[in-house]
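Student:
Okay, structure coming up:
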């Protein structure tokens, strides 16, 4: 009987499921991409969380995709991703061994206004309130998809600071760079990287004038430090539509665009994410 149970368990980890993983090794702050041709594809499990399969957009060779984000603060280690498929009312599984490695991000030293590096009680309350508001947005997985075309950059400009760089503000406050910075003079147009719904238009303590787009399926793009808004909350914008103008609001050393992304609530490298999205 024990032998039969073991055999059934092994069969449930179905051999031959048409599911593949693009990259078995990624660094902290980046993503794994899985693709499937199984009609019953449900989700993938990774370190206690589920990430759901969604229909592919432009990939004619696969039917479904799942993006698995790795937290920036993850330490190097070996792990496992398990894809779950429902066939004839029963779950079947395919497991992938994966590696998380150190991104070896650089260190930057920046000087900002003292009020942006040390906070009084009122400022801390504002920061906490804005953080809570944004996390509620990012942790919402909109089941519909607003986009179908490939993603583009929000502007055609030189990248001045990469995602993940360790940052020291005024010699004391340490954090990491949560997005990608584009060189931009005040007034430079900022465009939507793809079709989506505007879910936040607001001035915030760190990010200054901010616009956040929900592209559906857990994908969010964020545009910070604007001088002017050109959209309103609740608006559906098309790819390439004007969102606002670059500026120097919030915690900055000068005018630029800070562009960041989230997947299923996790902050990830925008450039790598856009490359992956354009493969589905």
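Numbering (the numbering used here), first residue to last: 2 to 281. Glycine included, every Cβ here is placed at the ideal spot set by N, Cα and C.
Can you check the stretch 202-260 for any beta strand (DSSP E) of at least 3 residues that lies completely inside it and give the ranges in chain order?
Tutor: 209-217, 220-230, 243-247
Student: Could you have a look at residue 135 and say whether DSSP puts it in helix, strand or coil?
Tutor: helix
Student: Answer yes or no: do residue 260 and residue 181 have a C-beta to C-beta separation smaller than 8 Å?
Tutor: yes
Student: Which of helix, strand or coil does DSSP assign to residue 271?
Tutor: helix
Student: Can you list, in chain order, the residues of its chain with a C-beta nearer than 6 Å to that of residue 208? Leave out the 5 residues immediately preceding and following it.
Tutor: 225, 251
Student: How long is the line joining the alpha carbons of residue 183 and residue 51, rounded to whole angstroms?
Tutor: 33 Å
Student: From what residue to what residue does the beta strand (DSSP E) around residue 81 run?
Tutor: 78-88
Student: When you compare each of 256, 243, 198 to residue 231 by their alpha carbons, which one comes out closest?
Tutor: Nearest to residue 231 by C-alpha distance, out of 256, 243, 198, is 243.
Student: Rounding to the nearest angstrom, what Cα-Cα distance links residue 214 and residue 197 in this structure?
Tutor: 6 Å
Student: What is the DSSP secondary structure of residue 160, reduced to helix, strand or coil?
Tutor: strand
Student: From the DSSP secondary-structure annotation, give me the bridge partner or partners of residue 125.
Tutor: BP columns for residue 125 are empty, so no partner.
Student: If distances are taken between C-alpha atoms only, which option among 221, 211, 220 comes closest to residue 229?
Tutor: 211
Student: Between the C-alpha atoms of residue 128 and residue 121, what's the straight-line distance to the nearest angstrom?
Tutor: 11 Å
Student: How long is the line joining the alpha carbons of residue 282 and residue 126, rounded to whole angstroms?
Tutor: Since the first and last residues shown for the chain are 2 and 281, residue 282 lies out of range.
Student: Quick one: what does DSSP say residue 278 is sitting in, helix, strand or coil?
Tutor: helix
Student: Would you kindly work out how many angstroms separate the C-alpha atoms of residue 55 and residue 41, rounded to a whole number?
Tutor: Each residue's alpha carbon lies about 11 Å from the other.
Student: Find the nearest neighbour of residue 74 within the set 152, 165, 95, judged by alpha-carbon distance.
Tutor: 165
Student: Mapping DSSP to helix, strand and coil, what is residue 196?
Tutor: coil
Student: Could you give the DSSP three-state label for residue 2: helix, strand or coil?
Tutor: Any reading at residue 2 needs caution, since the residue's pLDDT is 48, under 50, leaving its predicted position unreliable; the model's value is listed next. Note: residue 2 maps to coil in three-state DSSP.
Student: Considering only C-alpha positions, which residue in the set 235, 195, 163, 154 is nearest to residue 283?
Tutor: This structure cannot settle anything about residue 283, because the visible part of the chain is limited to 2 through 281.
Student: Return the Cβ separation of residue 36 and residue 86 in integer angstroms, given the expectation that the two are a contact with Cβ distance under 8 Å.
Tutor: Actually they are not in contact, since the Cβ atoms of residue 36 and residue 86 sit about 13 Å apart, beyond 8 Å.
Student: Residue 95: buried (16+ other C-beta within 10 angstroms of its C-beta) or exposed?
Tutor: buried
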